[in-house]
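Asks:
Number of protein chains: 2
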Amino acid sequence: MARRRGDTREQIREVALKLFAEQGYEKTSLREIAERLGVTKAALYYHFKTKEDIVTSLFDDFKTEVDELFAWAREQSVTPEMRREFIRRYAEIIQGTGGTLMRFMQENGPAVRHLKAGDDMRKRFQALADVLVDKDASLPDQIRARLSIFSLHMTLFIRDAIDADDEAVQAAALEVALDLLPTG
Amino acid sequence: MARRRGDTREQIREVALKLFAEQGYEKTSLREIAERLGVTKAALYYHFKTKEDIVTSLFDDFKTEVDELFAWAREQSVTPEMRREFIRRYAEIIQGTGGTLMRFMQENGPAVRHLKAGDDMRKRFQALADVLVDKDASLPDQIRARLSIFSLHMTLFIRDAIDADDEAVQAAALEVALDLLPTG
DNA sequence: GTCTATAGCTCGATAGAC
DNA sequence: GTCTATCGAGCTATAGAC
Numbered sequence: 015m016a017r018r019r020g021d022t023r024e025q026i027r028e029v030a031l032k033l034f035a036e037q038g039y040e041k042t043s044l045r046e047i048a049e050r051l052g053v054t055k056a057a058l059y060y061h062f063k064t065k066e067d068i069v070t071s072l073f074d075d076f077k078t079e080v081d082e083l084f085a086w087a088r089e090q091s092v093t094p095e096m097r098r099e100f101i102r103r104y105a106e107i108i109q110g111t112g113g114t115l116m117r118f119m120q121e122n123g124p125a126v127r128h129l130k131a132g133d134d135m136r137k138r139f140q141a142l143a144d145v146l147v148d149k150d151a152s153l154p155d156q157i158r159a160r161l162s163i164f165s166l167h168m169t170l171f172i173r174d175a176i177d178a179d180d181e182a183v184q185a186a187a188l189e190v191a192l193d194l195l196p197t198g
Numbered sequence: 015m016a017r018r019r020g021d022t023r024e025q026i027r028e029v030a031l032k033l034f035a036e037q038g039y040e041k042t043s044l045r046e047i048a049e050r051l052g053v054t055k056a057a058l059y060y061h062f063k064t065k066e067d068i069v070t071s072l073f074d075d076f077k078t079e080v081d082e083l084f085a086w087a088r089e090q091s092v093t094p095e096m097r098r099e100f101i102r103r104y105a106e107i108i109q110g111t112g113g114t115l116m117r118f119m120q121e122n123g124p125a126v127r128h129l130k131a132g133d134d135m136r137k138r139f140q141a142l143a144d145v146l147v148d149k150d151a152s153l154p155d156q157i158r159a160r161l162s163i164f165s166l167h168m169t170l171f172i173r174d175a176i177d178a179d180d181e182a183v184q185a186a187a188l189e190v191a192l193d194l195l196p197t198g
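Top line first, the protein sequences correspond to chains E and S. Quick note: the first sequence uses my numbering, first residue 15, plus one each step. Quick note: the second sequence uses my numbering, first residue 15, plus one each step.
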């Protein structure tokens, strides 16, 4: 099956995300990504200026989705039920590609930390927490709000530790996440 | 101040852990560790056979402490209060060096994953969860038990996100961790 | 858009002097 | 126990042909 025009860039992103998440950012070389696609390193550089640019491109899509969620949140008044719906929508976002990206981010802290794209994401995590909990809430509630988000992220790299199918684990994680919200 | 005899090995461990946690395992070169100590790379190789050996050595101390905790746990009968005490003792272990090591482990998943020392640690995390929750407990309770441990680990890289001093955050994290245990 | 070829660098690790 | 010197390998990135 021949590669369709315009497909290569998207395939680079797919393969890169998969390898970055599995093996880590540093341990995944452009040579390896190129080999999986049956092209050379130089071909990658036609589509992306640097290795970091690939990561930036991956985060951009995700940021768009999260920013749409924030836009929705700004139209609502803050209530417990609104917060619950906010978490549900965030859980939707991290299904599929978004989840793999979050796994990559969680497991590659030091590598991601000094990328500009990583900094943007950290600001958004802070913003997520700010929606879920009042700024003057108790310290335990502050922590619970962050654990709520992490509960959803966690399901992505816990597959082997818990003996159940992915959908059941995700549903359970959502339940836990909702329980962790203030005035549950 | 001259270096005391026998100190070098310990200093290598200290500097390595600090840099591994801050910058990541892959991004920290032996050259950089050596430079901070005012020695050469070759000197490091007198004390440790490989880079991985440094990590192994760091984990070994931690594993000893955790295994002592398991030994204590085996002498107890499993009750809610015993589980609470178990968490309190674990929180003690991850004060100081142990905590930095856990931060390193959490943030360097892909790098640590294929080290033997990392595999040993993952088994122990599973064992921690097995103490905290019954094997046939509900899926949400399984997840909560793991979040309980993560709540303690989390305080180590959340410093900037929450505006409070470290001790207060740690105390709050312990409170949250205890609340997450089954039949709280 | 993709190729070959390579520059330029850093890394982990070793050999052997002191 | 620490040094100098170096090896071989792998990396990101670029130049230039097709």
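Quick reminder that beta carbons are idealized off the backbone N, C-alpha and C, glycines included. Note that this is a predicted model, so its numbers are computed, not measured.
Please go through the same chain and pick out, in chain order, the residues whose beta-carbon is closer than 6 Å to the beta-carbon of G132 (chain E), but skip the five residues on each side of it.
Replies: The residues are V126.
Asks: Is the shortest distance between the beta-carbon of K65 (chain S) and the beta-carbons of chain E less than 8 Å?
Replies: No, its Cβ sits nowhere closer than 8 Å to a Cβ of chain E.
Asks: Rounding to the nearest angstrom, what Cα-Cα distance links E24 (chain S) and A175 (chain E) in this structure?
Replies: Near 34 Å, if we compare the C-alpha coordinates of A175 (chain E) and E24 (chain S).
Asks: Please report whether the beta-carbon of M116 (chain E) lies at a distance below 8 Å from any beta-carbon of chain S.
Replies: It does not; no Cβ of chain S falls within 8 Å.
Asks: Can you tell me the Cβ-Cβ gap for A186 (chain S) and L161 (chain E), rounded? I've got them flagged as a contact below 8 Å.
Replies: Contact flag wrong, Cβ pair sits at about 11 Å.
Asks: Could you tell me which of E:T111, E:R103 and E:F171 sits nearest to R136 (chain S), measuring between CA atoms?
Replies: Considering only alpha carbons, the answer is E:F171.
Asks: Sorted by chain position, which residues of the same chain lie with C-beta nearer than 8 Å to Q156 (chain E)'s C-beta, five sequence neighbours on each side aside?
Replies: Within the same chain, Q156 (chain E) has close Cβ partners A143 and V147.
Asks: With three or more C-beta pairs closer than 8 Å as the rule, is the region 78–85 of chain S touching the region 104–115 of chain S?
Replies: Yes, the region 104–115 of chain S is in contact with the region 78–85 of chain S.
Asks: Mark A182 (chain E) as exposed unless 16 or more other C-beta atoms lie within 10 angstroms of its C-beta, in which case mark it buried.
Replies: It is exposed - the Cβ of A182 (chain E) has fewer than 16 other Cβ atoms within 10 Å.
Asks: R27 (chain E) and S71 (chain E) look like a contact to me (Cβ under 8 Å); what is the Cβ gap, rounded to whole Å?
Replies: Confirmed, Cβ separation roughly 6 Å.
Asks: Which of the three DSSP states is assigned to V128 (chain E) in this structure?
Replies: Position check: residue 128 (chain E) holds His in this sequence, whereas Val was assumed. In the structure shown, H128 (chain E) sits in coil (DSSP, three-state: anything other than H, G, I, E or B).
Asks: For the alpha helix (DSSP H) that K32 (chain S) lies in, which residues bound it at each end?
Replies: Unbroken alpha helix (DSSP H) run through K32 (chain S): D21 to Q37.
Asks: Ordered along the chain, which non-local residues of its own chain (more than five positions away) have a Cβ less than 8 Å from that of T197 (chain S)?
Replies: The answer, listed in chain order, is P94.
Asks: Residues of chain S with CB under 8 Å from S43 (chain E), in chain order?
Replies: The premise fails here: S43 (chain E) is roughly 12 Å from chain S at the closest Cβ pair, so nothing lies under 8 Å.
Asks: Given a cut-off of 8 Å, decide if R117 (chain S) and A178 (chain S) are closer than it, judged by their beta-carbon atoms.
Replies: Taking 8 Å as the Cβ cut-off, A178 (chain S) and R117 (chain S) do not qualify as a contacting pair.
Asks: Note down, in chain order, each residue of its chain lying with its Cβ closer than 6 Å to the Cβ of R158 (chain E), except the 5 sequence neighbours on either side.
Replies: Taken in chain order, the residues that qualify are L194.
Asks: Can you name the residues of chain E whose CB is closer than 7 Å to the CB of R158 (chain S)?
Replies: The answer, in chain order, is V190.
Asks: Classify A56 (chain E) as buried or exposed, calling it buried when 16 or more other Cβ atoms lie within 10 Å of its own Cβ.
Replies: Under this definition A56 (chain E) is an exposed residue.
Asks: Do G123 (chain S) and E121 (chain E) come within 8 Å of each other at the CB atom, strictly closer than that value?
Replies: Against a cut-off of 8 Å, the Cβ pair of G123 (chain S) and E121 (chain E) comes out as a contact.
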